[in-house]
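First comes the structure, then the notes that go with it.
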Amino acid sequence: MDRLVGLDAWRDYAQRQRAAGRTVGLVPTMGALHAGHRALFQAARDAGDVVLATLFVNPRQFGDAADLAAYPRSPEADRALAEGLVDCLVEPTLQSMWPDYPESTPTTVSVRGVGDGLESVGRPGHFDGVASVVTKLFVVTGPCRAYFGEKDFQQLAVVRALVRDLGFDVEVVGCPIVRDPDGLAVSSRNVLLTTAGREVALGLSRALAAVTSPAPASAHRAALRAVLEEAGVDVAYAQVVDPVTLVACDDDEEGPARALVAGLVDGVRLIDNAPVTLTKGD
2 MDRLVGLDAW RDYAQRQRAA GRTVGLVPTM GALHAGHRAL FQAARDAGDV
52 VLATLFVNPR QFGDAADLAA YPRSPEADRA LAEGLVDCLV EPTLQSMWPD
102 YPESTPTTVS VRGVGDGLES VGRPGHFDGV ASVVTKLFVV TGPCRAYFGE
152 KDFQQLAVVR ALVRDLGFDV EVVGCPIVRD PDGLAVSSRN VLLTTAGREV
202 ALGLSRALAA VTSPAPASAH RAALRAVLEE AGVDVAYAQV VDPVTLVACD
252 DDEEGPARAL VAGLVDGVRL IDNAPVTLTK GD
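In the numbering used here, the protein residues as written are 2 to 283.
What follows is the structure, given as C-alpha coordinates:
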(Lines of atoms letter the chains of each structure in order from A; the text may use other names.)
(Lines give C-alpha, C1' and ligand atoms only; values in the text may rest on other atoms or scores of the structure.)
Protein backbone atom coordinates (compact mmCIF):
# COMPACT_ATOMS: atom_id res chain seq x y z
CA MET A 2 0.00 0.00 0.00
CA ASP A 3 1.37 3.39 -0.99
CA ARG A 4 1.16 6.14 1.62
CA LEU A 5 1.16 9.78 0.57
CA VAL A 6 0.95 13.12 2.37
CA GLY A 7 1.39 15.91 -0.17
CA LEU A 8 -1.35 17.09 -2.51
CA ASP A 9 0.95 17.09 -5.55
CA ALA A 10 1.94 13.47 -4.98
CA TRP A 11 -1.72 12.53 -4.48
CA ARG A 12 -2.76 14.34 -7.69
CA ASP A 13 0.09 12.74 -9.64
CA TYR A 14 -0.76 9.25 -8.35
CA ALA A 15 -4.38 9.53 -9.53
CA GLN A 16 -3.33 10.94 -12.91
CA ARG A 17 -0.89 8.09 -13.47
CA GLN A 18 -3.57 5.50 -12.71
CA ARG A 19 -5.97 7.02 -15.23
CA ALA A 20 -3.20 7.34 -17.81
CA ALA A 21 -2.66 3.58 -17.45
CA GLY A 22 -6.35 3.00 -18.22
CA ARG A 23 -7.46 2.37 -14.63
CA THR A 24 -10.43 3.89 -12.80
CA VAL A 25 -9.71 5.56 -9.47
CA GLY A 26 -12.07 4.69 -6.61
CA LEU A 27 -11.95 7.42 -3.97
CA VAL A 28 -13.03 6.62 -0.42
CA PRO A 29 -12.94 9.74 1.80
CA THR A 30 -12.64 8.99 5.52
CA MET A 31 -11.88 10.79 8.76
CA GLY A 32 -10.09 7.79 10.18
CA ALA A 33 -11.25 5.69 13.15
CA LEU A 34 -11.88 3.07 10.46
CA HIS A 35 -14.38 0.27 11.04
CA ALA A 36 -16.37 -2.38 9.17
CA GLY A 37 -18.35 0.28 7.32
CA HIS A 38 -15.16 1.71 5.80
CA ARG A 39 -13.96 -1.80 5.01
CA ALA A 40 -17.17 -2.32 3.03
CA LEU A 41 -16.52 0.88 1.06
CA PHE A 42 -12.97 -0.23 0.26
CA GLN A 43 -14.26 -3.62 -0.82
CA ALA A 44 -16.98 -2.09 -3.00
CA ALA A 45 -14.36 -0.03 -4.84
CA ARG A 46 -12.10 -3.05 -5.24
CA ASP A 47 -14.98 -5.23 -6.47
CA ALA A 48 -15.74 -2.58 -9.12
CA GLY A 49 -12.18 -2.96 -10.39
CA ASP A 50 -11.02 0.43 -9.18
CA VAL A 51 -7.61 1.45 -7.91
CA VAL A 52 -8.63 2.20 -4.34
CA LEU A 53 -7.45 5.58 -3.05
CA ALA A 54 -8.53 6.40 0.49
CA THR A 55 -8.07 9.70 2.27
CA LEU A 56 -7.66 9.95 6.02
CA PHE A 57 -8.26 13.50 7.20
CA VAL A 58 -10.17 14.76 10.24
CA ASN A 59 -11.72 17.90 8.78
CA PRO A 60 -12.11 20.48 11.57
CA ARG A 61 -14.44 22.62 9.46
CA GLN A 62 -17.32 20.18 9.81
CA PHE A 63 -17.24 20.33 13.62
CA GLY A 64 -19.15 23.25 15.10
CA ASP A 65 -18.11 22.30 18.62
CA ALA A 66 -14.42 22.30 19.58
CA ALA A 67 -15.12 19.69 22.26
CA ASP A 68 -16.71 17.39 19.66
CA LEU A 69 -13.63 17.72 17.47
CA ALA A 70 -11.32 17.02 20.41
CA ALA A 71 -13.34 13.93 21.37
CA TYR A 72 -13.42 12.49 17.86
CA PRO A 73 -11.62 9.11 18.00
CA ARG A 74 -8.25 8.84 16.28
CA SER A 75 -6.40 5.58 15.64
CA PRO A 76 -3.92 6.09 12.78
CA GLU A 77 -1.93 2.89 13.30
CA ALA A 78 -5.08 0.74 13.45
CA ASP A 79 -6.43 2.60 10.43
CA ARG A 80 -3.36 1.76 8.37
CA ALA A 81 -3.57 -1.88 9.43
CA LEU A 82 -7.24 -2.10 8.40
CA ALA A 83 -6.55 -0.44 5.04
CA GLU A 84 -3.62 -2.74 4.24
CA GLY A 85 -4.60 -5.21 1.53
CA LEU A 86 -7.79 -3.36 0.61
CA VAL A 87 -6.43 0.09 -0.25
CA ASP A 88 -3.84 0.74 -2.94
CA CYS A 89 -2.99 4.27 -1.79
CA LEU A 90 -3.68 5.86 1.60
CA VAL A 91 -3.45 9.65 1.60
CA GLU A 92 -2.98 11.39 4.96
CA PRO A 93 -2.88 15.11 4.11
CA THR A 94 -1.86 17.62 6.75
CA LEU A 95 -4.17 20.33 7.99
CA GLN A 96 -1.87 22.97 6.50
CA SER A 97 -1.99 21.34 3.06
CA MET A 98 -5.78 21.15 3.11
CA TRP A 99 -6.53 24.55 4.68
CA PRO A 100 -3.30 26.62 4.59
CA ASP A 101 -4.59 29.62 6.58
CA TYR A 102 -6.98 27.82 8.95
CA PRO A 103 -7.98 28.86 11.59
CA GLU A 104 -6.47 32.35 11.26
CA SER A 105 -8.67 33.11 8.25
CA THR A 106 -11.75 31.46 6.82
CA PRO A 107 -10.99 29.26 3.80
CA THR A 108 -13.15 29.17 0.69
CA THR A 109 -16.53 27.71 1.57
CA VAL A 110 -18.86 25.63 -0.59
CA SER A 111 -22.51 25.55 0.47
CA VAL A 112 -25.19 23.19 -0.82
CA ARG A 113 -28.67 24.51 -0.20
CA GLY A 114 -31.86 22.45 -0.22
CA VAL A 115 -30.67 18.98 0.75
CA GLY A 116 -28.06 20.59 3.00
CA ASP A 117 -30.71 22.41 5.06
CA GLY A 118 -32.64 21.00 8.02
CA LEU A 119 -32.11 17.68 9.77
CA GLU A 120 -28.40 17.44 10.75
CA SER A 121 -27.69 21.08 9.94
CA VAL A 122 -30.15 22.23 12.62
CA GLY A 123 -28.17 20.67 15.46
CA ARG A 124 -24.82 21.12 13.72
CA PRO A 125 -24.78 24.57 12.06
CA GLY A 126 -22.19 24.83 9.32
CA HIS A 127 -21.55 21.09 9.29
CA PHE A 128 -22.47 20.54 5.65
CA ASP A 129 -20.57 23.64 4.53
CA GLY A 130 -17.50 21.94 5.99
CA VAL A 131 -18.39 18.64 4.33
CA ALA A 132 -19.08 20.22 0.92
CA SER A 133 -15.89 22.28 1.08
CA VAL A 134 -13.60 19.37 1.92
CA VAL A 135 -15.26 17.02 -0.57
CA THR A 136 -14.85 19.66 -3.27
CA LYS A 137 -11.13 19.78 -2.54
CA LEU A 138 -10.88 15.98 -2.54
CA PHE A 139 -12.51 15.87 -5.97
CA VAL A 140 -10.36 18.68 -7.36
CA VAL A 141 -7.12 16.99 -6.28
CA THR A 142 -8.15 13.44 -7.20
CA GLY A 143 -9.73 14.30 -10.55
CA PRO A 144 -12.16 12.00 -12.42
CA CYS A 145 -13.08 9.05 -10.21
CA ARG A 146 -15.77 6.97 -8.59
CA ALA A 147 -16.38 8.18 -5.03
CA TYR A 148 -17.81 5.86 -2.38
CA PHE A 149 -19.94 7.03 0.55
CA GLY A 150 -22.00 5.11 3.09
CA GLU A 151 -25.78 5.46 3.24
CA LYS A 152 -25.68 5.82 7.03
CA ASP A 153 -24.85 9.48 6.47
CA PHE A 154 -27.84 9.78 4.15
CA GLN A 155 -28.05 13.57 4.14
CA GLN A 156 -24.31 13.83 3.50
CA LEU A 157 -24.71 11.49 0.53
CA ALA A 158 -27.49 13.73 -0.84
CA VAL A 159 -25.27 16.80 -0.36
CA VAL A 160 -22.40 15.18 -2.26
CA ARG A 161 -24.68 14.10 -5.11
CA ALA A 162 -26.07 17.64 -5.41
CA LEU A 163 -22.55 19.05 -5.32
CA VAL A 164 -21.40 16.81 -8.18
CA ARG A 165 -24.51 17.57 -10.24
CA ASP A 166 -24.44 21.32 -9.73
CA LEU A 167 -20.69 21.88 -10.17
CA GLY A 168 -20.23 19.36 -12.97
CA PHE A 169 -17.52 17.23 -11.40
CA ASP A 170 -16.43 14.21 -13.44
CA VAL A 171 -17.22 11.98 -10.48
CA GLU A 172 -19.59 9.03 -10.15
CA VAL A 173 -20.99 8.97 -6.61
CA VAL A 174 -21.63 5.45 -5.30
CA GLY A 175 -23.82 5.01 -2.22
CA CYS A 176 -23.14 1.83 -0.22
CA PRO A 177 -25.55 0.07 2.19
CA ILE A 178 -25.38 0.62 5.95
CA VAL A 179 -23.23 -1.90 7.79
CA ARG A 180 -24.56 -3.01 11.17
CA ASP A 181 -23.16 -4.87 14.15
CA PRO A 182 -24.90 -8.15 15.04
CA ASP A 183 -27.11 -6.32 17.58
CA GLY A 184 -28.39 -3.99 14.84
CA LEU A 185 -26.48 -0.82 15.73
CA ALA A 186 -25.18 0.95 12.63
CA VAL A 187 -21.38 0.95 12.76
CA SER A 188 -19.91 4.37 13.41
CA SER A 189 -16.59 5.79 14.51
CA ARG A 190 -18.46 7.39 17.41
CA ASN A 191 -19.75 4.08 18.81
CA VAL A 192 -16.50 3.58 20.74
CA LEU A 193 -17.46 6.62 22.85
CA LEU A 194 -20.57 4.86 24.21
CA THR A 195 -20.68 3.22 27.62
CA THR A 196 -22.06 -0.30 27.89
CA ALA A 197 -25.36 1.11 29.13
CA GLY A 198 -25.29 3.78 26.47
CA ARG A 199 -24.95 1.21 23.74
CA GLU A 200 -28.13 -0.48 24.95
CA VAL A 201 -29.91 2.87 24.72
CA ALA A 202 -28.43 3.47 21.25
CA LEU A 203 -30.09 0.31 19.98
CA GLY A 204 -33.31 2.31 20.15
CA LEU A 205 -32.36 3.89 16.81
CA SER A 206 -32.37 0.62 14.88
CA ARG A 207 -35.43 -0.61 16.82
CA ALA A 208 -37.27 2.56 15.83
CA LEU A 209 -36.53 1.93 12.16
CA ALA A 210 -37.61 -1.70 12.52
CA ALA A 211 -40.97 -0.43 13.80
CA VAL A 212 -41.80 1.31 10.49
CA THR A 213 -41.30 -1.51 8.01
CA SER A 214 -45.02 -1.78 7.18
CA PRO A 215 -46.58 0.79 4.79
CA ALA A 216 -48.28 3.66 6.63
CA PRO A 217 -48.93 7.40 6.32
CA ALA A 218 -45.95 9.70 6.98
CA SER A 219 -47.35 11.02 10.27
CA ALA A 220 -47.85 7.47 11.56
CA HIS A 221 -44.26 6.58 10.73
CA ARG A 222 -43.01 9.71 12.50
CA ALA A 223 -45.06 8.96 15.61
CA ALA A 224 -43.84 5.36 15.73
CA LEU A 225 -40.21 6.40 15.31
CA ARG A 226 -40.36 8.96 18.09
CA ALA A 227 -42.22 6.64 20.46
CA VAL A 228 -39.57 3.91 20.22
CA LEU A 229 -36.70 6.40 20.53
CA GLU A 230 -38.14 8.05 23.61
CA GLU A 231 -38.98 4.72 25.23
CA ALA A 232 -35.36 3.64 24.73
CA GLY A 233 -34.10 6.79 26.44
CA VAL A 234 -32.60 8.49 23.37
CA ASP A 235 -32.47 12.31 23.56
CA VAL A 236 -34.24 12.75 20.21
CA ALA A 237 -32.92 15.35 17.76
CA TYR A 238 -35.35 14.39 15.02
CA ALA A 239 -37.49 11.52 13.75
CA GLN A 240 -38.39 12.45 10.21
CA VAL A 241 -39.77 10.91 7.02
CA VAL A 242 -38.56 12.56 3.83
CA ASP A 243 -38.46 12.29 0.07
CA PRO A 244 -35.39 10.10 -0.63
CA VAL A 245 -34.00 12.54 -3.23
CA THR A 246 -34.97 16.06 -2.12
CA LEU A 247 -35.10 15.28 1.64
CA VAL A 248 -38.27 17.38 1.89
CA ALA A 249 -40.57 16.19 4.69
CA CYS A 250 -43.40 14.00 3.41
CA ASP A 251 -47.13 14.69 3.93
CA ASP A 252 -49.93 12.26 4.56
CA ASP A 253 -51.26 12.68 1.03
CA GLU A 254 -48.09 11.10 -0.40
CA GLU A 255 -47.53 7.45 -1.16
CA GLY A 256 -44.65 5.31 -2.34
CA PRO A 257 -40.97 5.14 -1.30
CA ALA A 258 -39.57 7.51 1.32
CA ARG A 259 -36.73 7.57 3.84
CA ALA A 260 -36.98 7.50 7.62
CA LEU A 261 -34.17 9.44 9.31
CA VAL A 262 -33.49 9.44 13.06
CA ALA A 263 -30.91 11.18 15.21
CA GLY A 264 -30.30 11.71 18.89
CA LEU A 265 -27.83 11.97 21.73
CA VAL A 266 -26.77 8.99 23.84
CA ASP A 267 -24.07 9.50 26.48
CA GLY A 268 -23.59 12.91 24.90
CA VAL A 269 -22.70 11.21 21.58
CA ARG A 270 -24.69 12.19 18.49
CA LEU A 271 -25.89 9.13 16.57
CA ILE A 272 -27.82 8.87 13.30
CA ASP A 273 -29.51 6.10 11.36
CA ASN A 274 -31.97 5.68 8.52
CA ALA A 275 -33.91 3.18 6.46
CA PRO A 276 -36.30 3.11 3.49
CA VAL A 277 -40.01 3.17 4.25
CA THR A 278 -43.18 2.94 2.21
CA LEU A 279 -45.92 5.57 2.46
CA THR A 280 -49.65 5.12 2.11
CA LYS A 281 -52.13 7.98 1.99
CA GLY A 282 -53.77 8.95 5.27
CA ASP A 283 -57.51 9.02 5.79
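Yeah, the Cβ is synthetic: ideal placement off N, Cα and C, and Gly gets one too. As the structure is a prediction and not an experimental result, all values here were calculated from the model.
So residue i and residue j are in contact, right, with Cβ under 8 Å, and what is the actual spacing, rounded?
i	j	result
residue 166	residue 219	In fact, because the Cβ distance is near 32 Å, the residues do not count as touching under 8 Å.
residue 149	residue 261	So it is not a contact: roughly 16 Å between Cβ atoms.
residue 259	residue 242	5 Å
residue 131	residue 91	Contact flag wrong, Cβ pair sits at about 18 Å.
residue 25	residue 93	That belief does not hold up - the Cβ atoms of residue 25 and residue 93 are roughly 16 Å apart, past 8 Å.
residue 73	residue 189	6 Å
residue 52	residue 32	Actually they do not touch by this definition, with Cβ atoms about 16 Å apart.
Assuming contact is defined by CB atoms lying nearer than 8 Å, are residue i and residue j in contact in what I supplied?
i	j	result
residue 145	residue 27	yes
residue 205	residue 234	yes
residue 55	residue 76	no
residue 64	residue 125	yes
residue 163	residue 135	yes
residue 192	residue 11	no
residue 39	residue 69	no
residue 266	residue 198	yes
residue 169	residue 128	no
residue 133	residue 61	yes
residue 1	residue 212	Because residue 1 is not part of the residues shown, which for the chain are 2 to 283, the question remains open.
residue 147	residue 171	yes
residue 257	residue 278	yes
residue 19	residue 143	yes
residue 209	residue 263	no
For residue i, which of helix, strand or coil comes out of DSSP?
i	result
residue 238	strand
residue 249	strand
residue 172	strand
residue 136	helix
residue 32	coil
residue 40	helix
residue 91	strand
residue 118	coil
residue 113	coil
Could you name the residues that DSSP lists as bridge partners for residue i?
i	result
residue 274	261
residue 146	26 and 172
residue 269	266
residue 205	According to DSSP, which records beta bridges pairwise, residue 205 is partnered with nothing at all.
residue 53	27 and 89
Compute every distance between the C-beta of residue i and the non-hydrogen atoms of the ligand GTP, then say whether any falls below 7 Å.
i	result
residue 153	Because no ligand of any kind appears in the structure shown, any question about the ligand GTP cannot be addressed here.
Inset, instruction - Mind the definition here: the stretch 101-117 touches the stretch 76-90 only if three or more C-beta pairs lie below 8 Å; say whether that holds. - result: Cβ pair count under 8 Å is below three, so no.
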